[in-house]
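Participant:
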Amino acid sequence: MKALAIGTSVLDILVQPVESIPPGQGAALVENIHITPAGTAGGTALNFKKLGFDTYVSSAIGNDLRGRLLVQLLNERGINTDAFQVIEGTPTTGSVIPIRKDGSRPALHLVGTEICYDAEKAPWDLIKQADVVHYGAPEFQGGEAVAKVLRAAKDGGAWTSADLLAGGSKLVVTWMKDALPYVDFLLPNDEQVLGFTGESDLVAGCRKLIDAGVTCVVATCGADGSLVVTRDKVTQIPAMPAKVVATDGAGDTFSAGFMRGIMEGCSPEEAAVWGSAAASYNVQEVGSDAGDYTDEDVRKKVNKFLKKNKL
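Just so you know, the sequence shown maps onto residues 1 to 311 in my numbering.
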């Protein structure tokens, strides 16, 4: 299986636990400082690799230390970064994420090369060869450019998925309208769905995105699991039990697990169980790279769930 993640990759510096910033020149002791690749492309790629995919990622980075470190950390995990685009004069996107004791995490974010990826220079040969093409934060390139990428992926026989970073504006759907008919699985969170569509009801919001062209919307809902919506069916999938330490990589891990389930031949509802199972490993540690698991570990959790629950 070959997976290609395109779009936003970020270098995250995570600090845990943080309840407040010390005043003045004060200091606070923390238990953990962790550096990891992240982002809707980079973070998803990390988990594609754990789930047994031959994994490639194509993002934009600057010619700086953060960019070199981002590439190094991905390569050390066996992920191919040959299709990265180096943008001179623009810093590599990065975040500092203070994680509270309850696992919630605000972010201090540097907007950099994430907005500079050139979809016209995407790795077209890889796109045509991949089994899964996941586009992370396609809103930075816009619907017309992203449509070319996802159309080429589908022409090559790949499953396509997308996850967005933006939230709160109906303009996002308008901006992305050309690409949506080429998205097999849109994987936003519940707040994004409501913000994109202006709906107060999550199912109604998902259906509005399907009316815009998406085949299936899978909205992640935090501790409430996920909602799988197709034109004909609505299914709530519960979250897997886990001791939550941090949630910073849960969405990207869910995306990778979901697409692994699709590659297994699962229905979207069963694939959401794969996503939930993978995310249950990730939330027990800090970072998008968190969770020591394999596709076999996830499969066992999925099979146990499906024996007890009828979808």
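Here a beta-carbon is modelled for each residue, glycine too, at the ideal position from N, C-alpha and C.
(1) Do the CB positions of residue 107 and residue 150 come within less than 9 Å of each other?
(2) Who are the near neighbours of residue 148 in its chain, counting only those whose CB is closer than 7 Å to its CB and skipping five residues on each side?
(3) Three or more beta-carbon pairs under 8 Å between the region 62 to 75 and the region 95 to 102, yes or no?
(4) How many angstroms separate the CA atom of residue 138 from the CA atom of residue 267?
(5) Smallest Cα separation from residue 60: which of 141, 287 and 129?
(6) Looking at C-alpha atoms only, which residue of 158, 21, 163 and 224 is the closest neighbour of residue 196?
(7) Beta-carbon within less than 6 Å of residue 55's beta-carbon, same chain only, minus the 5 sequence neighbours each way: which residues are those?
(8) According to DSSP, residue 56 sits in a beta bridge with which residue or residues?
(9) Given a cut-off of 9 Å on the beta-carbon distance, is the pair residue 5 and residue 136 in contact?
(10) Can you pull the DSSP bridge partners for residue 97?
(11) In whole angstroms, give me the CA-to-CA distance for residue 43 and residue 183.
(12) Taking residue 31 as the reference, give the member of 282, 307, 226 and 101 with the closest Cα.
Facilitator: According to the data block:
(1) no
(2) 119
(3) no
(4) 25 Å
(5) 141
(6) 163
(7) 3, 45, 48, 49 and 79
(8) 4 and 80
(9) yes
(10) 14
(11) 19 Å
(12) 101
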